[in-house]
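S.K.:
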Amino acid sequence: MTKTISLLGATGSIGRQTLDVAEQLGLSVAALTARGGNLDLLERQTRQFLPRLVALYDFDAAEKFAGRVRDLNVKVLSGPEGLVEAAAIEEADTVVTAVVGMVGLTPTLTAIEKGKRIALANKETLVCAGELVMDAADRYGAEIVPVDSEHSAIFQCLQGSADRREIKRLLLTCSGGPFFGKKFEELEGMTRKDALRHPNWKMGPKITVDCATLMNKGLEVIEAMRLYRLPLEQVDVLIHRQSIVHSLVEYRDGAVLAQLGTPDMRLPIRYAFTYPRRGENPAEPLDLLTCPPLTFAAPDREAFPCFALAEAAAKEGGTACAILNGANEAAVGLFLQEKIGFNDISRLVKKARESVPVVYHPSLADILKADAAARGAVLSE
């Protein structure tokens, strides 16, 4: 069980909920990191949890923050190097990777090399460099426990299976986002405000837009393939509007195991800390007598082409997934700045996939180069 954490991405949605759970469980916090856009919140977190190290990605923000906490015994760092040092901090037995995007890759690899438990909430790490990350975890004896609700559900449903050959399919569930049931043409005029109206979950803007395009589910398919070393054919998706069944595992004998719970990210975060044990949880439990009927549907790949693009990248392998992810991050950034339309996200990702060459059996340098090239392809449009 976790005793001390280093939290990468403290001021985001997952980061804030992680600290709620840490407080409930009485965990120590050795390090916090943030991009630097919410210094007030980061200062409150720092004064409450008293970490030894705080790292901010933005240099100017780090300088300002250091002045704010000069009365505390805390080391303040900046830039990517700060995130790496936070990931490697000796006191932490668990590193929570709650940063968004490729920025989480190098710190995660660093924490793995230190043999720490990785409470993984940064899906881009496995999407872009899954084989490298999983090989490193095997090599250094690091434990990866997923925090995403769907992957935590799969992880829990697999606890009774010692042999992965018993698995027939992983079934990832998906709320369908705010645009479920709409056709591609209807999505043309959807705005930033429309896309950020997720029906069930409260998340950061980037992942919320990814849920609206279904790219998030495509990325999770790739992540599941990497985590459980399964081919695309054994990972499927179901639209489940109620977000109560978080995912399922179908076994070869016909049995299907599912994990159910309220749509509250504190549940998978807590399990990542207490695994392999379970403890009392103060949150309101799921009441099957009052929850709505549970429904399931197939994803619409024509209305949401980002999902199909993710499946195609997963099938191709190599740096295709890094190109997909980098292009998507850049395109979603433009959409959130209201510089492009909603359907332009999938169009730009498709163009990047067509224009950036794929490298098979890539090194880390190849992956980072592919990511940069994909972003460049989108931003040059």
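Going left to right, the sequence shown walks through residues 21 to 401 as this note's numbering numbers them.
A virtual CB, placed ideally from N, CA and C, is assigned to each residue, including glycine.
By the 10 Å Cβ neighbour count, where 16 or more other Cβ atoms means buried, how is Y380 classified, buried or exposed?
M.R.: So Y380 counts as exposed.
S.K.: If you draw a straight line from the alpha carbon of K203 to that of F327, how long is it in whole angstroms?
M.R.: Whole-angstrom Cα-Cα distance: 14 Å.
S.K.: How many Å lie between A390 and G361 at the Cα?
M.R.: 25 Å
S.K.: Which complete beta strand (DSSP E) runs does the stretch 69–111 hold, if anything under 3 residues is left out?
M.R.: 73–76 and 95–98
S.K.: Three or more C-beta pairs closer than 8 Å, one from the stretch 21–41 and one from the stretch 107–116: is that the case here?
M.R.: yes
S.K.: Mind pulling the alpha helix (DSSP H) runs of 4 or more residues that sit fully within the stretch 229–310?
M.R.: Uninterrupted alpha helix (DSSP H) stretches at least 4 residues long and entirely within the stretch 229–310 occur at 235–248 and 286–294, given in chain order.
S.K.: Roughly how many whole angstroms lie between the Cα atoms of F200 and S375?
M.R.: 30 Å
S.K.: Measuring alpha carbon to alpha carbon, tell me which of N142, A107, F85 and C194 ends up nearest L314.
M.R.: C194
S.K.: With DSSP as the reference, label L216 as helix, strand or coil.
M.R.: coil
S.K.: Helix, strand or coil, according to DSSP, for R67 in the structure here?
M.R.: helix
S.K.: Nearest-angstrom Cα distance between L280 and R261?
M.R.: Taking the straight line from one Cα to the other gives about 13 Å.
S.K.: If you count every other CB in all the chains shown that lies within 10 Å of the CB of E331, and 16 or more means buried, which is it?
M.R.: buried
S.K.: Give a yes or no on whether the C-beta atoms belonging to L73 and T31 are separated by under 8 Å.
M.R.: no
S.K.: If we count the other Cβ atoms within 10 Å of its Cβ and call it buried at 16 or more, is A318 buried or exposed?
M.R.: exposed
S.K.: Could you tell me the alpha carbon to alpha carbon distance between A82 and I25, rounded to whole angstroms?
M.R.: 21 Å
S.K.: Can you give me the C-alpha to C-alpha distance between T339 and E300, rounded to a whole angstrom?
M.R.: 43 Å
S.K.: On the DSSP bridge assignment, give the partners of S26 in chain order.
M.R.: A51 and V115
S.K.: Check whether the stretch 150–166 touches the stretch 263–283, taking contact to mean three or more Cβ pairs, one atom from each stretch, closer than 8 Å.
M.R.: Touching, no.
S.K.: Touching or not, the stretch 303–313 and the stretch 280–293, by the rule of three or more beta carbon pairs under 8 Å?
M.R.: Segments in contact, yes.
S.K.: Would you mind reading off the limits of the beta strand (DSSP E) that contains V165?
M.R.: Its beta strand (DSSP E) spans residues I164 to P166.
S.K.: Since G56 contacts D78 with CB under 8 Å, what's their CB separation in whole angstroms?
M.R.: 3 Å
S.K.: Is it a yes or a no for the stretch 215–230 touching the stretch 348–363, going by three-plus beta-carbon pairs under 8 Å?
M.R.: yes
S.K.: Should R297 and L329 be called a contact, given that it needs their Cβ atoms to be closer than 8 Å?
M.R.: no
S.K.: Rounded to whole angstroms, what is the Cα-Cα separation between L388 and A54?
M.R.: 22 Å
S.K.: Note down, in chain order, each residue of its chain lying with its Cβ closer than 7 Å to the Cβ of T126, except the 5 sequence neighbours on either side.
M.R.: P100 and V104
S.K.: On the criterion of 16 or more Cβ atoms from any shown chain inside 10 Å, does D320 qualify as buried, or is it exposed?
M.R.: Looking at its Cβ environment, which holds 16 or more other Cβ atoms inside 10 Å, D320 is buried.
S.K.: Note down, in chain order, each residue of its chain lying with its Cβ closer than 8 Å to the Cβ of F92, except the 5 sequence neighbours on either side.
M.R.: Reading off the sequence, residue 92 comes out as Leu, not Phe. Closer than 8 Å at Cβ, skipping near neighbours: T66, R67 and L70.
S.K.: Using the C-alpha atoms, what's the distance from R90 back to T145?
M.R.: 34 Å
S.K.: Please identify the residue among I138, S172, P251 and K84 whose C-alpha is closest to the C-alpha of L268.
M.R.: S172
S.K.: On the DSSP letters alone, give me the boundaries of the beta strand (DSSP E) that I174 sits inside.
M.R.: Element bounds for I174: not the beta strand (DSSP E) but the alpha helix (DSSP H), S169 to C177.
S.K.: What are the boundary residues of the beta strand (DSSP E) that R36 is part of?
M.R.: Not the beta strand (DSSP E): R36 falls in the alpha helix (DSSP H), residues S33 to L45.
S.K.: For M245 versus L252, is the C-beta distance shorter than 8 Å?
M.R.: Yes.
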